[in-house]
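Working notes, beginning with the structure itself.
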Amino acid sequence: MTLHPPTVHEAALARKALTKSLDSLDSKINCLRDRLSTLSLEQRQLRASLESYKGLLSPIRRLYPEILQEIFFHCLPTAHNAVMSATEAPLVLGRVCSRWRRVAHSTPELWASIHIVAILPPQLSPSRARQAIALRHAVAVWLSRSGTLPLSISLVNPDPYFRLHGPTRSYLDLTAPYAHRWRSIHFTVARLCWIEFFDRFHASEVPLLESLHINSDGDNDHTWQKMSRPTSILQAPQLRVLSIPLYHPHILKSGVQLQNLTGLTITDFCSSPSQEIIKILRLCPNLRKCTISTFPSPPGGDSYVPFPVGPAATMIMPKLQSLAFPATTPRYVNELLKILVTPSLRHLLIPPVAHDASEPGHLYDSLSSFLRHLVDPLEELDSSYDLPGGPTNILSLVPELKRLSLTACPTFSELGQLSSRTHDPVLAQLTPSNDWGGTSSSQTGNGPDAPTCLCPKLEVLRYVTTEFSDNELLDFLHSRTIDHRKHNVSHLRMVSVHFDREAQDDIKKMDSDLRKSIEALERETGVRVDCWYNLLVPYQEPVPDEPATTKYSPFDGIPSMVASNPDLVIKTYDYFGF
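Sequential numbering of the sequence shown, starting at 4, is according to our numbering.
Listed below in structure tokens is the structure:
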């Protein structure tokens, strides 16, 4: 070390030494960085590999096949038969891994029910022909996996242009070899003669058949004569539920064990409907579910026969739990309610009566008397918004109601456009309020248990074809969920509202504060809220001889509602458990 300044040569040597040292250090740093990058990449690869091993070590892989089978079984739908869709059980279960696929294919319980949607005749196009062949093969494989278990089969033909018998029979023929294992059969096929199909079966060949539902417009007198032969399928020893498209007097000669039936659906009485209704119901003392649809001649017509009156005409059905009149003339509903005694009734469906010429006021009187004489409280009501006597008056008679479905008739402005209801009086009466002035048939007064609204025990509400403000809906939901203890009402579990709003406006609204408020309420309270919207499409005259362009869905024939997107079909749920 010296105090003398370095010479030019010494300064050059010093600079060279310093630069060499820095370059050496930078080189080491770059090597370490490259090494770190390599190690980081190896770390990520190792972590990815470990994640795959974690999947192999997952507890679900250690489950015994028998436990997996039980879990898979509980994935099946309960409101309808299993659907042939890759997004639904059981098919979706086989898309997870090879082990799940083996377990699913070897579990007969998963394949003991099937919903078949018939495809158009293959003559229309080569692609449709391939689809039809593939579908029939899939049905055959599906049924072969069911082992020896009883089968539940539903077959539907959704296309109105599907008029040929051959293609339908090909699907029916696939199920025929399994007749000895039929438990529940539900056929909805248009323009089909059933004689050839059911004439091949003897009652002894369907020993497990419990439920038979036929919905077809191909029935006639000759068909029923065949069906009423001494060994027809209607005499199946285990038959408990019967649904037929056309009631005929021959059914009383068919040998059906009517006293064993627990479910009966009959429509289109051919003559003297009042007498036939009473005659057949008196022979079914064990009915638990009954659906009646009649289209009789008007009063004064040749076939109109009034119901009998007086105490002797009273008909007691002690076990009946569900009674439905989906498409019955209100006059006949009125007369039936006067003579029916159903102390155990839980579910009631009554038809719309708006603009009916049979004096709806009389139906209101009969319905009121009928409801007041129930021993057990009515829990489920399904009807139109235009209830006889007004919906609030009827609802005040059923304070124990748990499930309510109302279908409102749309109103139209002078320009022919749907007009919106800005205020719904029924929803207002269903919304709890401390200053509510209504009365109930079972609770009155101002005590702590006094009702604060109609139907305080309501848990499920379905509102179809209606319109009210967002604030009305939110007030109803809040009062029945967050504040339900404050108002002394039951907690809502499910709400479905079907609006009559234009699609574009609906999407904007549901993307706004209403959607956010509903989603927050669902997270906080557990209530399920579904809002549906109509897609209003102007009516167009059909083009003659235009080929059918029907889109098929494996969910055709299952109750569904279409959202604002016409290609998006959203499945509904079975609100009412009957």
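Backbone N, C-alpha and C fix where the C-beta goes; we use that ideal spot for every residue, glycine too.
Quiz item: Roughly how many angstroms separate the alpha carbons of residue 561 and residue 132, rounded to a whole number?
Solution: By 1-based counting over the sequence shown, the position of residue 561 is 558. By 1-based counting over the sequence shown, the position of residue 132 is 129. Spanning the two alpha carbons is a distance of roughly 24 Å.
Practice problem: State the DSSP-derived secondary structure class of residue 157, mapped to helix, strand or coil. | Solution: To locate residue 157, count along the sequence shown from 1; it is residue 154. Secondary structure at residue 157: strand, using DSSP grouped into helix, strand and coil.
Quiz prompt | C-beta atoms of residue 462 and residue 494 nearer than 9 Å | solution = Here residue 462 corresponds to residue number 459 of the sequence shown, with the count starting at 1. Here residue 494 corresponds to residue number 491 of the sequence shown, with the count starting at 1. Yes, the Cβ-Cβ distance between residue 462 and residue 494 is below 9 Å.
Self-check item: When 351, 66, 40 are compared against residue 633, the one with the closest alpha-carbon
Solution: Any answer about residue 633 is impossible in this case: the structure gives the chain only from 4 up to 581.
Quiz item: In or out: residue 176 buried (at least 16 other Cβ within 10 Å) or exposed?
Solution: Indexing the sequence shown from 1 puts residue 176 at position 173. Flag for residue 176 reads exposed.
Exercise. Spatial neighbours of residue 50 within its chain, please: CB distance less than 6 Å, with the 5 preceding and 5 following residues excluded, ordered by chain position.
Key: Translated into positions along the sequence shown, residue 50 becomes position 47. Within its own chain, no residue has a Cβ closer than 6 Å to the Cβ of residue 50 once the five positions on either side in sequence are excluded.
Quiz item: Among 353, 181, 185, 239, which has the Cα closest to the Cα of residue 334?
Solution: Translated into the one-based positions of the sequence shown, residue 334 becomes position 331. Cα-wise, what sits closest to residue 334 is 353.
Quiz item: By DSSP, does residue 266 sit in helix, in strand, or in coil?
Solution: Against the sequence shown, residue 266 aligns to sequence position 263. Reduced to three states, the DSSP call for residue 266 is strand.
Quiz prompt | Residue environment, residue 317, which counts as buried when at least 16 other CB atoms sit within 10 Å | solution = In the sequence shown, counting from the first residue as 1, residue 317 sits at position 314. Residue 317 is exposed by the Cβ-count criterion.
Self-check item: Given residue 104 as reference, the closest of 138, 68, 490 once Cα atoms are compared
Solution: The residue given as residue 104 occupies position 101 in the sequence shown. Cα-wise, what sits closest to residue 104 is 68.
Quiz item: Between the C-alpha atoms of residue 328 and residue 181, what's the straight-line distance to the nearest angstrom?
Solution: Position 325 of the sequence shown holds residue 328. Position 178 of the sequence shown holds residue 181. When rounded, the distance between both Cα atoms is 34 Å.
Quiz item: Which residue's Cα is closest to the Cα of residue 346: 398, 377, 336?
Solution: Against the sequence shown, residue 346 aligns to sequence position 343. Measuring from the Cα of residue 346, the nearest candidate turns out to be 377.
Practice problem: Check whether the Cβ atoms of residue 159 and residue 205 lie closer than 9 Å to each other. | Solution: On the sequence shown, residue 159 is found 156 positions in, with the first residue counted as 1. On the sequence shown, residue 205 is found 202 positions in, with the first residue counted as 1. No, they are not a contact pair.
Practice problem: State the beta-bridge partners of residue 462 as determined by DSSP. | Solution: The sequence position of residue 462 within the sequence shown is 459, counting from 1. Paired residues: none, contrary to the question.
Practice problem: Starting from residue 217, follow the beta strand (DSSP E) in both directions and report where the run begins and ends. | Solution: Your numbering for residue 217 matches position 214 in the sequence shown. Residue 217: member of the beta strand (DSSP E) spanning 214-218, first to last residue.
Practice problem: Throw me the rounded Cβ distance for the residue 428 and residue 395 pair, which I believe falls under 8 Å. | Solution: For the purposes of this step, residue 428 is identified with residue 425 of the sequence shown, where counting begins at 1. For the purposes of this step, residue 395 is identified with residue 392 of the sequence shown, where counting begins at 1. Rounded, the Cβ-Cβ distance is 7 Å, consistent with contact.
Practice problem: Please determine, among 368, 106, 280, the residue with the shortest C-alpha to C-alpha distance to residue 297. | Solution: Counting from one through the sequence shown, the residue named residue 297 turns up at place 294. Residue 280 holds the alpha-carbon nearest to the alpha-carbon of residue 297 among 368, 106, 280.
Self-check item: Contacting residues, own chain, Cβ-Cβ under 8 Å from residue 85 (five flanking each side not counted)
Solution: Taking the sequence shown and counting its residues from 1, the one referred to as residue 85 is at position 82. Contacts found: 79, 91, 92, 93, 113, 114, 116, 117, 118.
Quiz item: residue 239: buried (16+ other C-beta within 10 angstroms of its C-beta) or exposed?
Solution: Position 236 of the sequence shown holds residue 239. Residue 239 comes out buried.
Quiz item: If you follow the alpha helix (DSSP H) that residue 37 is part of, which residue opens it and which one closes it?
Solution: Residue 37 sits at position 34 when you count from the first residue of the sequence shown. For residue 37, the enclosing alpha helix (DSSP H) starts and ends at 11-59.
Exercise. Go ahead and label residue 262 buried or exposed: buried means 16 or more other beta carbons lie within 10 angstroms of its beta carbon, across all protein chains shown.
Key: Residue numbering aside, residue 262 sits at position 259 when the sequence shown is read from its first letter. Classified as exposed, residue 262 has fewer than 16 neighbouring CB atoms from the shown chains inside 10 Å of its CB.
Quiz item: Can the beta-carbon of residue 201 be found less than 9 Å from the beta-carbon of residue 247?
Solution: To locate residue 201, count along the sequence shown from 1; it is residue 198. To locate residue 247, count along the sequence shown from 1; it is residue 244. No, the Cβ-Cβ distance between residue 201 and residue 247 is not below 9 Å.
Quiz item: What distance in whole Å lies between the Cβ atoms of residue 149 and residue 111, which are believed to be in contact at a cut-off of 8 Å?
Solution: As a first step, residue 111 is located in the sequence shown; it is residue number 108 there, counting from the start. As a first step, residue 149 is located in the sequence shown; it is residue number 146 there, counting from the start. Indeed they touch by this definition, with Cβ atoms about 5 Å apart.
Quiz item: From this set, 179, 178, 209, 215, which residue's C-alpha is nearest residue 187's C-alpha?
Solution: For this step, residue 187 is matched to residue 184 along the sequence shown. For residue 187, the nearest C-alpha among the options comes from 215.
Practice problem: Rank 61, 89, 371, 341 by C-alpha distance to the C-alpha of residue 556 and give the top, closest one. | Solution: Locating residue 556 in the sequence shown gives position 553, where the first residue counts as 1. Nearest option by C-alpha distance: 89.
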